[in-house]
Each structure stands twice: as C-alpha cells, then as structure tokens.
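**Q** Okay, so the sequence shown: first residue is 10 according to our numbering, each after it adds one. Glycine included, each C-beta is placed from N, C-alpha and C at the ideal position. Predicted model, so just to flag it, every value in this text is computed and none were measured. Right, I'll just put the structure down here and ask away after.
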Amino acid sequence: MKRQTHSKHVGQRLLEKFQAYLLNHAHGLFSSLGRLSRAPVTSSMTILVLAVAIALAGCFYIVVVNIQQLTGNLQASNQMSLFLIDSVNEAAGQKLAEQLARHDHVENIKFIGKTQAMDEFKANSGFGEALNALESNPLPNVIQVLPKNVLDDRVALDALMAEFRQMPQVEFVQVDMQWVERLQAIMRIANRGVTLVGVLLGFAVTFITGNTIRLELHNRQDEVFISKLVGATHAFIQRPFLYTGFWLGFIAGFSAWLIITIMLLIVETPVEQLSGLYNSSFQLLYLSFSEFVLLLMLASGLAVLGSWAVLHYQLRQIKPQ
Numbered sequence: 010m011k012r013q014t015h016s017k018h019v020g021q022r023l024l025e026k027f028q029a030y031l032l033n034h035a036h037g038l039f040s041s042l043g044r045l046s047r048a049p050v051t052s053s054m055t056i057l058v059l060a061v062a063i064a065l066a067g068c069f070y071i072v073v074v075n076i077q078q079l080t081g082n083l084q085a086s087n088q089m090s091l092f093l094i095d096s097v098n099e100a101a102g103q104k105l106a107e108q109l110a111r112h113d114h115v116e117n118i119k120f121i122g123k124t125q126a127m128d129e130f131k132a133n134s135g136f137g138e139a140l141n142a143l144e145s146n147p148l149p150n151v152i153q154v155l156p157k158n159v160l161d162d163r164v165a166l167d168a169l170m171a172e173f174r175q176m177p178q179v180e181f182v183q184v185d186m187q188w189v190e191r192l193q194a195i196m197r198i199a200n201r202g203v204t205l206v207g208v209l210l211g212f213a214v215t216f217i218t219g220n221t222i223r224l225e226l227h228n229r230q231d232e233v234f235i236s237k238l239v240g241a242t243h244a245f246i247q248r249p250f251l252y253t254g255f256w257l258g259f260i261a262g263f264s265a266w267l268i269i270t271i272m273l274l275i276v277e278t279p280v281e282q283l284s285g286l287y288n289s290s291f292q293l294l295y296l297s298f299s300e301f302v303l304l305l306m307l308a309s310g311l312a313v314l315g316s317w318a319v320l321h322y323q324l325r326q327i328k329p330q
C-alpha cells in the first residue's frame with residue numbers, strides 16, 4: 010500500500026514538473042513574439058532582410074526544378090533515329106522494330122513508315138501541293154529508339170549506337186550526342202549552383218539572426234545580470250532569446266514563400282504563352298506543401314542555430330559584479 014502511494018506521489022510530481030516545463034516554454038514562446046511586436050520597425054527590417062535571403066535561395070531552387078521538369082519532358086528528343094535502307098519495305102521495317110523492342114537496353118520503340126512520314130510532312134510543311142508532284146516518296150522508313158538511362162550512361166549509349174550501325178537494314182543512326190552532354194553539364198552546374206547559393210545564404214541567415222540576438226542581449230543586459238545573481242542557469246536565460254530567433258526565422262521563411270509565390274504568379278502567364286508558341290504543355294511548378302514545410306523548418310532552424318551560437322559565447326562573457 011505504501012509503495013502504491015509513493016509511486017502515485019512520484020508520478021504526480023513528474024506530471025507537475027512536466028506541466029511546469031511546458032508552461033515555461035509556452036511563456037517564452039509567446040512572450041518573445043510579443044517583444045518582437047513591440048518593436049515593429051526593427052523586427053520588420055530584420056525579417057525582410059532574412060526573407061529576401063531565403064527567397065533568393067528558394068528562387069534558384071524552383072528555377073532548377075522547373076528546368077528539370079522541362080528536360081524530363083524533352084527526354085524523348087534524345088532518342089536515336091534509325092534510318093533504314095530503301096530496300097527495306099514498311100512491313101519489314103515494322104518487323105525489325107518489334108525485334109528491337111525486345112532489346113534489353115531499349116525502353117521504347119516507334120516505327121514511322123515512309124507513307125506516314127510523307128503525310129505528316131505534307132500536313133505540317135505547307136508544301137502539300139508541291140509534294141504531290143513528286144513521282145516517288147523520297148523519305149525513308151525510320152525507327153525511333155528511346156534507350157534506357159539515356160542521360161546517365163554514355164558508354165552504354167555508344168555501344169548501343171555501334172550495335173545498331175552494324176545491322177544490315179540500317180543505313181545510318183542519328184543521335185545528338187553533344188546535346189546530351191551539354192544537358193548533363195548544365196544540370197550538374199545548376200544543381201551545384203543551387204547548393205552553393207543555398208549554403209551561402211544559409212550562413213547569411215545564421216549571421217543576421219545571431220547579430221540581431223546579440224543586440225537584443227545587449228539591450229537586456231541588466232535583466233541577464235539579475236537573472237544570474239538569483240541563480241538562473243544559462244539554459245533558462247537563453248530560452249526567450251532562442252524563441253525570438255525562432256520567430257524571426259519562421260516569419261522570414263513564411264515571407265520568403267510569399268515572395269517566391271508572388272514572383273511565380275507574375276511570370277506564369279508569359280511562361281504559358283511561350284510554352285503555347287512551342288506547342289508544349291509545360292506547367293510552371295510551385296513549391297509543394299512538403300517543400301513549404303521544409304522551407305519553414307530550415308529558416309527557423311538556421312535562425313535558432315545563429316541565436317544559440319551567439320548566446321553560448323555572450324552569456325559566458327557576462328558576469329554579475
């Protein structure tokens with residue numbers, strides 16, 4: 010019976026401590042937000058600078074995401090075109106295409122007979138009447154081959170081209186290898202550029218927040234002195250400052266998302282018009298919900314990190330007289 014009573018008291022004390030812990034953190038969270046609201050000009054300027062830095066990194070990221078989407082849509086243009094010799098008729102060409110479709114390194118096959126090619130050329134070129142004057146169809150039968158991993162494995166692509174060139178039915182193979190290499194290089198540069206810009210601007214967010222918290226700590230130095238005199242720990246003293254850094258990063262991250270979204274809305278109509286001119290179904294991508302949440306987490310985390318780094322150093326330098 011005594012053990013049950015003792016366990017009950019221990020559990021109650023733990024619950025009370027946990028509730029007090031939550032109340033202290035809730036007080037620090039909302040009191041720091043109230044302190045920011047009492048200095049609207051200074052807070053707004055700091056948040057605006059942070060938001061612009063975060064938005065720049067976000068804009069670079071979303072531009073690369075849209076370029077990757079565009080290159081994904083253009084992947085079919087990396088295909089090989091196998092031009093068959095004149096002696097291969099459409100039936101034989103169709104049979105050859107069916108054989109190639111079973112190749113281990115081929116993802117997709119499309120056979121375009123000379124009759125179909127001529128009909129499409131007449132419809133799209135505007136020279137239909139002139140083409141009707143031709144005595145015979147000069148266009149060859151073509152097999153369009155989309156290899157697997159076309160943008161990743163150059164050696165396999167070269168080997169596949171050599172294999173197709175050796176086929177007796179194939180006159181020559183056409184593929185824009187330089188376009189593939191340039192696309193690879195551009196995307197590598199773009200991805201690394203986004204990483205570098207993100208890291209640099211992340212450091213900027215950390216330093217700007219740290220400097221803001223340093224000034225806030227200096228303005229509240231007397232309050233810190235008194236807290237140390239009564240035995241407050243560094244963790245207790247730095248808690249409201251850390252929450253101030255959190256609010257700065259969180260609000261700046263949300264503001265950066267607004268900036269990015271507004272900029273995308275401004276350019277969306279011209280982009281869609283340009284896409285329509287090229288008969289493309291390209292749709293401008295926005296930040297997804299998961300990316301929005303990640304943006305808020307990164308902005309808040311960097312701001313808290315900058316605040317903690319400054320507080321960890323400054324609080325050791327402040328000693329009550």
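If I'm right that THR55 touches ILE268 with Cβ under 8 Å, what's the distance once you round it to whole angstroms?
**A** Locating residue 55 in the sequence shown gives position 46, counting from the first residue. Locating residue 268 in the sequence shown gives position 259, counting from the first residue. 16 Å between Cβ atoms; not a contact.
**Q** Would you identify the three-state DSSP class for LYS26, choosing helix, strand or coil?
**A** By 1-based counting over the sequence shown, the position of residue 26 is 17. LYS26 falls in the helix class under three-state DSSP.
**Q** Does the distance from the C-beta atom of SER96 to that of GLN183 stay below 7 Å?
**A** Here residue 96 refers to the residue found at position 87 when the sequence shown is read from its first residue. Here residue 183 refers to the residue found at position 174 when the sequence shown is read from its first residue. For SER96 and GLN183, no; Cβs fall outside 7 Å.
**Q** Please confirm whether ALA106 and PHE120 have their CB atoms less than 7 Å apart.
**A** Within the sequence shown, residue 106 is the residue found at index 97, counting from 1. Within the sequence shown, residue 120 is the residue found at index 111, counting from 1. Result yes, Cβ atoms of ALA106 and PHE120 sit closer than 7 Å.
**Q** According to DSSP, is PRO149 part of a helix, a strand, or is it coil?
**A** Working through the sequence shown from its first residue, we reach residue 149 at position 140. DSSP places PRO149 in coil when its eight states are reduced to three.
**Q** Among the residues of its own chain, which have a CB less than 8 Å from the CB of THR215, if the five just before and after it don't count?
**A** Walking along the sequence shown from the start, residue 215 turns up at place 206. If we look at THR215 and ignore the five residues flanking it on each side, its Cβ neighbours are LEU311, ALA312, LEU314, GLY315 and ALA318.
**Q** Would VAL179 pass as a contact of VAL154 if the rule is Cβ separation under 7 Å?
**A** To locate residue 179, count along the sequence shown from 1; it is residue 170. To locate residue 154, count along the sequence shown from 1; it is residue 145. Going by C-beta atoms, VAL179 is not nearer than 7 Å to VAL154.
**Q** Classify MET196 as helix, strand or coil using the three-state DSSP reduction.
**A** Your numbering for residue 196 matches position 187 in the sequence shown. If DSSP states are grouped into helix, strand and coil, MET196 belongs with the helices.
**Q** Considering only their Cβ atoms, is the gap separating PHE250 from ILE222 smaller than 7 Å?
**A** Numbered from 1 along the sequence shown, position 213 holds the residue referred to as residue 222. Numbered from 1 along the sequence shown, position 241 holds the residue referred to as residue 250. Cβ distance < 7 Å, so ILE222 and PHE250 count as in contact.
**Q** Helix, strand or coil, according to DSSP, for MET89 in the structure here?
**A** Locating residue 89 in the sequence shown gives position 80, where the first residue counts as 1. In the structure shown, MET89 sits in a strand (DSSP, three-state: E or B).
**Q** Nearest to SER307 by alpha carbon, out of ALA101, ALA261 and ASN117?
**A** Within the sequence shown, the letter at position 298 stands for residue 307. What sits at residue 307 in the sequence shown is Leu, not Ser. Selected option, being the one with the closest Cα: ALA261.
**Q** Does DSSP put ILE121 in a helix, in a strand, or in coil?
**A** Walking along the sequence shown from the start, residue 121 turns up at place 112. ILE121: strand per DSSP, three-state reduction.
**Q** Residue range of the alpha helix (DSSP H) that VAL276 falls in?
**A** Taking the first residue of the sequence shown as 1, we reach residue 276 at position 267. Unbroken alpha helix (DSSP H) run through VAL276: 243 to 286.
**Q** Give the range of the beta strand (DSSP E) segment to which PHE181 is assigned.
**A** By one-based count along the sequence shown, residue 181 stands at place 172. Its beta strand (DSSP E) spans residues 179 to 183.
**Q** In its own chain, which residues sit with a C-beta less than 7 Å from the C-beta of ALA85, not counting the 5 before and 5 after it?
**A** As a working mapping, residue 85 is identified with position 76 in the sequence shown. Confidence at ALA85 is low in this model, with a pLDDT of 46, below 50, so its placement is unreliable and no value can be given for it.
**Q** Who are the near neighbours of ILE64 in its chain, counting only those whose CB is closer than 7 Å to its CB and skipping five residues on each side?
**A** Taking the first residue of the sequence shown as position 1, residue 64 is located at position 55. Correcting the residue identity first, residue 64 is Ala in this sequence and not Ile. Only ALA265, ILE268 and ILE269 meet the Cβ criterion.
**Q** Mapping the DSSP letters down to three states, classify VAL239 as helix, strand or coil.
**A** To locate residue 239, count along the sequence shown from 1; it is residue 230. Note: VAL239 maps to coil in three-state DSSP.
**Q** In the DSSP assignment, what residue or residues form a beta bridge with VAL115?
**A** Translated into positions along the sequence shown, residue 115 becomes position 106. PRO156.
**Q** Is GLY43 buried or exposed, if buried means 16 or more other CB atoms sit within 10 Å of its CB?
**A** The count along the sequence shown starts at 1 and reaches residue 43 at position 34. GLY43 comes out exposed.
**Q** Figure out for me which residue from PRO49, LYS104, LEU31 and ASN228 has the closest Cα to the Cα of LEU257.
**A** As a position in the sequence shown, residue 257 is number 248, starting the count at 1. Cα-wise, what sits closest to LEU257 is PRO49.
**Q** To the nearest whole angstrom, what separates the beta carbons of LEU320 and GLN247, a pair I think is in contact under 8 Å?
**A** Stepping through the sequence shown from its first residue, residue 320 is reached at position 311. Stepping through the sequence shown from its first residue, residue 247 is reached at position 238. Going by Cβ atoms, the distance from LEU320 to GLN247 rounds to 4 Å, so yes, they are a contact pair.
**Q** Is the distance from the Cβ of PHE255 to the Cβ of SER299 below 7 Å?
**A** Translated into the one-based positions of the sequence shown, residue 255 becomes position 246. Translated into the one-based positions of the sequence shown, residue 299 becomes position 290. Contact: no.
**Q** Taking the C-alpha atoms as reference points, what is the distance between VAL280 and ILE235?
**A** By one-based count along the sequence shown, residue 280 stands at place 271. By one-based count along the sequence shown, residue 235 stands at place 226. Straight-line Cα distance between these residues: approximately 60 Å.
**Q** Could you check which residue in LEU31, HIS243 and ASN98 has the C-alpha nearest to that of ILE8?
**A** Since the displayed the chain opens at 10 and closes at 330, residue 8 lies outside it and no answer follows.
**Q** Got a sec? Which residues, its chain only, sit under 8 Å from LEU294 by beta carbon, not counting five neighbours each side?
**A** Translated into the one-based positions of the sequence shown, residue 294 becomes position 285. Answer for LEU294: ILE71, VAL74, ASN75 and GLN78, listed in chain order.
**Q** Does the distance from the CB of ALA66 to the CB of GLY219 come in under 7 Å?
**A** Stepping through the sequence shown from its first residue, residue 66 is reached at position 57. Stepping through the sequence shown from its first residue, residue 219 is reached at position 210. No.
**Q** With distance defined between alpha-carbon atoms, name the residue in GLY122, PHE173, ALA165 and VAL164 nearest to LEU148.
**A** Along the sequence shown, read from residue 1 onward, the residue named residue 148 stands at position 139. Taking only the C-alpha atoms, the option nearest LEU148 is GLY122.
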